[in-house]
Each structure stands twice: as structure tokens, then as C-alpha cells.
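Residue numbering for the sequence shown follows my numbering, beginning at 1 and increasing consecutively. Report on the following structure.
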Amino acid sequence: MNTVSPHWPRSTALAALLLVPSLLAAIPAARAEGRRVVRPNAEGGTTATRLVGRQGPEGGRFGAARGVATDGQGNAVAGSTSRLQGPAGGLAQRAGSTQVSADGSARHQSALTASNARGSLQSSGSATRSTDGTVDASRSSTATSAATGNSVQSTTQYSSGTGMTHSATCYDASGATIACR
1 MNTVSPHWPR STALAALLLV PSLLAAIPAA RAEGRRVVRP NAEGGTTATR LVGRQGPEGG
61 RFGAARGVAT DGQGNAVAGS TSRLQGPAGG LAQRAGSTQV SADGSARHQS ALTASNARGS
121 LQSSGSATRS TDGTVDASRS STATSAATGN SVQSTTQYSS GTGMTHSATC YDASGATIAC
181 R
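Given below as C-alpha cells:
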């Protein structure tokens, strides 16, 4: 059977992910801060969280949060998020989560965005492993030039049964399809 098992509540592990904006605001210039907590949880497993923040002397900032929780029955969930802000205004953010079930199934999803004066990038994807070991994955990305407004949209897919496929389409600033080079 090709199924992914239902996931148990994961709010405990993912709560730390909401803290990154606050963490960035609280870091004094040219400092590094961090905190790690590991404790038993109500599900009979362990919950671990880690927060990290850094600020450089030129004003760049980095913040990250990660949470992992197990339930004592072979199930686990993990989530992470990070944000990087450059001194010249560039910004990159990423978030992801992974669930692994005792029956061997798993699911991962992640997304990132980045932008600066030269352009922007958005990308998101997911992957699943079913109880029978079948793997399916996909990722979609869009990159846009700030100078021209031209963009490329790409999609990559993988399946244990059919292998990998990739496609890309390029557009000009008005949305008309153009040749990719």
C-alpha cells in the first residue's frame, strides 16, 4: 500500500519557529546569542529547541530557530526557519519541516525566498516516502531579474517509479514567453 501515515500533533516542535523575528530585533550590534533547551514532553518523547542570533558590525543579521520532537513510539517531527538580512538590504528566508513515522513513512517540505537589488528568488518543494519505500519529490522555483523584469520558472519532479523530470520556462517583464539562455 502506498500511504503516508497521519501525523501526531507537532505544535510543540514548531512553536520555536515563530520566534525568529523577535530574536533578530533583540540582538545587539556585533553580538551572537543562542539558546538550546531539551526536555521530556507529554507524548512520552523528547522535545529540543534551539535559537541562534547573530549581528555583524556592518549591520547584517542572522536568526534561526529549530525544533525537534519525538513521541516515544518511533514518530518524530522537526521544523526549522532562518532569516538572513544583509547590510546592503538583501534578505533571505527559509523554512522547512520533516515528519517521520514509526511505520517508515516520511514527509519533508521547505520553502525559501531571497531578494536584493539584483533580483529575487522563490522556491518551494516537498518529498514523501511511503510505507512501501516509494519516494516522490517536487520543487518549483522562480527567479526574477530586477534590472529587466525577466524571469525563469522551473519545476523538477522525481518519482521512484518514473525517475526525474525537469522543465523551465522563461518570461519577459510583460509575461510573454521568451527563449531561455
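Positions of the beta carbon are idealized from the N, C-alpha and C atoms, including for glycine.
Using a 10 angstroms sphere on the CB of residue 135, the tally of other CB atoms stays under 16, which defines it as exposed. In this structure, the straight-line span from the alpha carbon of residue 100 to that of residue 165 is close to 26 Å.
Boundaries of the beta strand (DSSP E) around residue 116: 106-116. Here the alpha carbons of residue 71 and residue 43 stand approximately 5 Å from one another.
At the C-beta level, residue 121 and residue 114 come within 8 Å of one another. Where residue 170 is concerned, the enclosing beta strand (DSSP E) starts and stops at 163-171. Here residue 50 is bridged, per DSSP, to 36, 66. Counting along the chain, residue 94 sits inside the beta strand (DSSP E) bounded by residues 91-100.
Residue pairing from DSSP leaves residue 73 without any beta-bridge partner. Residue state for residue 82 is assigned as strand, using DSSP reduced to three classes. Annotation: the continuous beta strand (DSSP E) that includes residue 129 extends over 119-129. C-alpha of residue 68 to C-alpha of residue 116: approximately 32 Å in a straight line.
As computed with DSSP, residue 142 is found in a beta bridge with 122, 153. Looking at the DSSP output, residue 159 sits in a beta bridge with 136, 163. The shortest CA-to-CA distance from residue 118 to any of 144, 176, 60, 37 is the one to 144.
The Cβ atoms of residue 79 and residue 102 lie no closer than 8 Å to each other.
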